[in-house]
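Here full-length UniProt numbering is used: position 98 in the sequence shown is 98, and no number is missing along the way.
For reference, the structure discussed in these notes is given below.
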Amino acid sequence: MPKVTHPVAHKGDFLVDYEEKVFEDVKAEPGEKALVTFHTVAFEGSIGLVNLLQATRLQRKGFETSVLLYGPGVTLGVKRGFPKLGDEAFPGHQNFNNQITKFIAEGGKVYACRFALQALYGHGEGALIEGVRPINPLDVLDIVLLHRKAGAFILDTWTL
1 MPKVTHPVAH KGDFLVDYEE KVFEDVKAEP GEKALVTFHT VAFEGSIGLV NLLQATRLQR
61 KGFETSVLLY GPGVTLGVKR GFPKLGDEAF PGHQNFNNQI TKFIAEGGKV YACRFALQAL
121 YGHGEGALIE GVRPINPLDV LDIVLLHRKA GAFILDTWTL
């Protein structure tokens, strides 16, 4: 049998060099925009939370950042909780709500498709987290095209 020869890792140890940064820290030029789109279901993978964190990071780098929730992505933008709205039923249950609320508080804009909200998931506009702006389904393509025209950085997020 092979023998393990390295020491056992302990709480507080480092397994990687987290301080080395390989690339320059890119900041937005004045007026630069970013759009992060979500066509993913809340809690069915890490991409929803990871790219909400990316949207916040883009905002903090100086990009005028918008988030588009469409299709199953609208599930990221609804109020949740159990047994009451706002209650955390399990650790991490409010991750999406907390991250979206923080993003909006820091100046980010979040839009949610009304078609997906009602037709696909049976929610009304009142179900959205405060500050999330409902939009017409025809606006879903236009927000992307407007960002493209502006030369924005666009991060599309899809899961099946």
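All C-beta atoms in this analysis are idealised placements derived from N, C-alpha and C, irrespective of residue type, glycine included.
C-beta contact flag for residue i and residue j at 9 angstroms
| i | j | result |
| --- | --- | --- |
| F38 | L69 | yes |
| G131 | I104 | yes |
| L138 | V74 | no |
| G157 | V36 | Checking the sequence shown, residue 157 turns out to be Thr, not Gly. Result yes, Cβ atoms of T157 and V36 sit closer than 9 angstroms. |
| I100 | L120 | no |
| L97 | I135 | The identity of residue 97 in the sequence shown is Asn, whereas the question assumes Leu. Cβ distance not < 9 angstroms, so N97 and I135 don't count as in contact. |
| L49 | N95 | yes |
| E24 | F153 | no |
DSSP-derived helix/strand/coil call for residue i
| i | result |
| --- | --- |
| I154 | strand |
| I135 | strand |
| F64 | Rather than Phe, the amino acid found at residue 64 in this sequence is Glu. E64: strand per DSSP, three-state reduction. |
| H147 | helix |
| L85 | coil |
| V110 | strand |
| K79 | coil |
Cα-Cα separation, residue i to residue j
| i | j | result |
| --- | --- | --- |
| R60 | G45 | 25 angstroms |
Bridge partner(s) assigned by DSSP for residue i
| i | result |
| --- | --- |
| A9 | None, per the DSSP bridge assignment. |
Count the C-beta pairs between the region 95–115 and the region 56–63 that are closer than 8 angstroms, then say yes if the count reaches three, no if not.
-> yes
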